[in-house]
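Q: Residue numbers (the working numbering), protein chains in the order written: chain A, 799 to 939; chain B, 3 to 115.
Just so you know, even glycine gets a beta-carbon here, dropped at the ideal spot from N, CA and C.
Provided herewith is a single structure, encoded as structure tokens, for subsequent inquiry.
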Amino acid sequence: MTKSTKTIEFKFERTIPAPPGEVFDAWLNPKIPGNPWNAADKLLLNSKVDGFFYWTFKGTPHYGRFTEVERPARIQHTWMSPNTLGQESTVTVTFQKNGENTLMTLVHSDLPDDDKARSHEKGWNYFLNIFPEQFGNASRK
Amino acid sequence: MYGMNQLNNVLSAISHPTRRAIIGRLANGPARFLEIAKPFDTALNAVTKHLKSLERAGLIERKKQGREVFISFRGEPLREVAGWVHEYERFWHTHLDQFEQYFKDKKKKEKKR
């Protein structure tokens, strides 16, 4: 398979009102809302170095392998799904003490950047969800 | 090319529930200023500010018809923004918002005890 040379990276930061150890544990606990494992229809999760995960969300499979698990500071794993076009992308999450809070940084890198990955159709659905059916009517005018 | 400032203007414009409600109203067809302002329990100058934000993003336009000014919705900037939004950009934003909210709610409950 030919590898796409053009990749994209997304970085997100959140300040979480809890210490890093608690936030780290919550990120790996499928019972906590917001982490990627929580919404899975089917989940296999072994969050140790060289442990694998598999989960499906609305029928879309995701696979990966944990490459770094350093409590309470850092988690890194690979991430493959139809949206990575068969390529291995990388998710790195760091937890940094910030007073009583934790600065949490998530970087999703090595994502193929092309039209399929950008998923225009899904982008539209996103906006259509925000502005119910009237928006669809207006955009066709 | 669709500029980053314009992208920011559009995302900022649609980040407020009142402005989304205004777009929802205008998606049904053009309206006068007072018709737009009527459903909102807010000062008229606040509505004016919301309309300016939408106008800056290119999401509305004003057209004079005789003595009256009609405000109408433009969908094109949203179409452009949709092209910028990567599947995983949405995915992580949504999930991290939920994760952050979980801890905020937890902290609130702990304070009440």
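Please report the straight-line C-alpha distance between A/D848 and A/F864, rounded to a whole angstrom.
A: As a working mapping, residue 848 of chain A is identified with position 50 in the first sequence. As a working mapping, residue 864 of chain A is identified with position 66 in the first sequence. If you take the alpha carbons of A/D848 and A/F864, they lie about 5 Å apart.
Q: Any beta-carbon of chain B closer than 8 Å to the one on A/H906?
A: Walking along the first sequence from the start, residue 906 of chain A turns up at place 108. With 8 Å as the cut-off, A/H906 counts as an interface residue toward chain B.
Q: What residue from A/N827, A/M902 and A/V891 has the CA that sits closest to A/E866's CA?
A: In the first sequence, counting from the first residue as 1, residue 866 of chain A sits at position 68. Closest option to A/E866, Cα to Cα, is A/V891.
Q: Using a Cβ-Cβ cut-off of 8 Å, state whether B/Q100 counts as contacting chain A.
A: Translated into positions along the second sequence, residue 100 of chain B becomes position 98. Yes, its Cβ sits closer than 8 Å to a Cβ of chain A.
Q: With DSSP as the reference, identify every bridge partner of A/Y813, one or two as the case may be.
A: As a working note, residue 813 of chain A is residue 15 in the first sequence. Per the sequence presented here, residue 813 of chain A reads as Thr, with Tyr not at that position. For A/T813, which the question treats as bridged, DSSP gives the partners A/L901.
Q: Under 7 Å Cβ to Cβ from A/W825, same chain only, skipping five residues before and after it: list those, please.
A: Position 27 of the first sequence holds residue 825 of chain A. Cβ within range, chain order: N833, I873 and V891.
Q: Spell out a yes or no on whether the region 853-860 of chain A and the region 811-819 of chain A are touching, meaning 3 or more CB-CB pairs, one atom from each, closer than 8 Å.
A: No, the region 853-860 of chain A is not in contact with the region 811-819 of chain A.
Q: Output needed in chain order: residues of the region 43-73 of chain B with a Cβ under 9 Å from some Cβ in chain A.
A: none
Q: Whose C-alpha, out of B/H52, B/K51 and B/R27, is nearest the C-alpha of B/S41?
A: Position 39 of the second sequence, counted from the first residue, corresponds to residue 41 of chain B. With the sequence shown as reference, residue 41 of chain B is identified as Pro, and Ser is not the correct amino acid for it. If we check each option's Cα against that of B/P41, B/R27 comes out closest.
Q: Is there a Cβ of chain B sitting closer than 8 Å to that of A/P815, yes or no?
A: For the purposes of this step, residue 815 of chain A is taken as the residue at position 17 of the first sequence. So, interface residue.
Q: Less than 8 Å separating the beta-carbons of B/H1 and B/R22?
A: Examination of residue 1 of chain B is not possible in this model, given that chain B is present from 3 through 115 alone.
Q: Just to confirm my understanding: we take B/L13, look at its own chain, exclude 5 residues before and 5 after, and list those with CB closer than 8 Å. What are they?
A: Counted from its first residue, the second sequence places residue 13 of chain B at position 11. V83, listed in sequence order.
Q: Give a yes or no on whether the minimum CB-CB distance between B/M3 and chain A is below 8 Å.
A: Position 1 of the second sequence, counted from the start, is the residue given in the question as residue 3 of chain B. Here B/M3 scores only 38 on pLDDT, less than 50, and its place in the model should not be relied on; the value that follows carries that caveat. Closer than 8 Å: no.
Q: Report all residues from its chain with a CB closer than 8 Å to the CB of B/L56; omit the five preceding and five following residues, and keep chain order.
A: As a working mapping, residue 56 of chain B is identified with position 54 in the second sequence. Excluding residues within five positions, the ones whose Cβ falls inside 8 Å are A15, R21, I24, I25 and I62.
Q: Would you mind telling me which residues of chain B sit closer than 7 Å to A/P834, beta carbon to beta carbon, in chain order?
A: Taking the first residue of the first sequence as position 1, residue 834 of chain A is located at position 36. Residues of chain B passing the Cβ test: H97.
Q: In whole angstroms, give me the CA-to-CA distance for A/G884 and A/T805.
A: Residue numbering aside, residue 884 of chain A sits at position 86 when the first sequence is read from its first letter. Residue numbering aside, residue 805 of chain A sits at position 7 when the first sequence is read from its first letter. Straight-line Cα distance between these residues: approximately 13 Å.
Q: Looking at the unbroken beta strand (DSSP E) that takes in B/H52, where does it start and where does it end?
A: Along the second sequence, one-based indexing puts residue 52 of chain B at 50. Careful: B/H52 lies outside any beta strand (DSSP E), inside the alpha helix (DSSP H) at L46 to R58.
Q: Between B/A59 and B/V49, how many whole angstroms is the CB-CB distance? I'm expecting something under 8 Å.
A: In the second sequence, the residue the question calls residue 59 of chain B occupies position 57. In the second sequence, the residue the question calls residue 49 of chain B occupies position 47. Incorrect: roughly 16 Å between the Cβ atoms, too far for contact.
Q: With DSSP collapsed to three states, give me the class of A/I830.
A: As a position in the first sequence, residue 830 of chain A is number 32, starting the count at 1. Coil at A/I830, not helix or strand.
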